[in-house]
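First up is the structure itself, then whatever we jot down about it.
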Amino acid sequence: MYPDHTHQPPVQRAVEVHQPTPYPPAVAVPAPLVPVQPGTVPTVASIVLPDGRIVTGYAIEPARPEPVVAKPAVSRTAVNVALGGVGFLAVCGGLILLSSFIAALTAFITQLITLAAVVFGGWIAVQIFSTSGHQGGTTVNIRKATFKRNHFHS
């Protein structure tokens, strides 16, 4: 079986060779001339190299680097993280105080309810078990009562 999974041999094709097309060399463009004011002509300097050649050119002032902005001693990120931590601790402290206040208030309300139940229950007990005072209701004295056929005759 052939590489293309058929039963026929592959077809031979002619080889094509591509050559790159060279670009014409770039033409050097002369630098534009900048007019110089008569009073600001730079000085010409000549240097003798060790092999005897002389190089002449204008003296160029060295480039001055940009002033470096002083960084603060502590980064802003560190300050923000620290302030966030202080705020978080303050909130946690407040939440602890709030939960303590709620627990104390709950205990106080529970004690008030218990005190009210004891006082009210005691008042009810005194009313029920006291012997002094007027007893309510009607007193009926039955002396010679006769019951006949489920009827009461006096």
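Residue numbers for the sequence shown follow the working numbering, beginning at 336 and rising by one. Ideal placement from N, C-alpha and C gives every residue a C-beta, glycine not left out.
Item	Value
Roughly how many angstroms separate the alpha carbons of S435 and G422, rounded to a whole number?	20 Å
Using the C-alpha atoms, what's the distance from R411 back to A405?	14 Å
According to DSSP, is I395 helix, strand or coil?	coil
Secondary structure at V362, three-state DSSP: helix, strand or coil?	coil
So, using beta-carbon positions, are A408 and Y393 closer together than 9 Å?	no
Over the uninterrupted beta strand (DSSP E) stretch that includes S434, give me the two end residues.	Segment R411 to F464 is the alpha helix (DSSP H) holding S434; no beta strand (DSSP E) there.
Measure the C-alpha to C-alpha separation of A425 and L440 and round it to an integer number of angstroms.	22 Å
If I follow the unbroken beta strand (DSSP E) through V379, where does it start and stop?	V379 to V383
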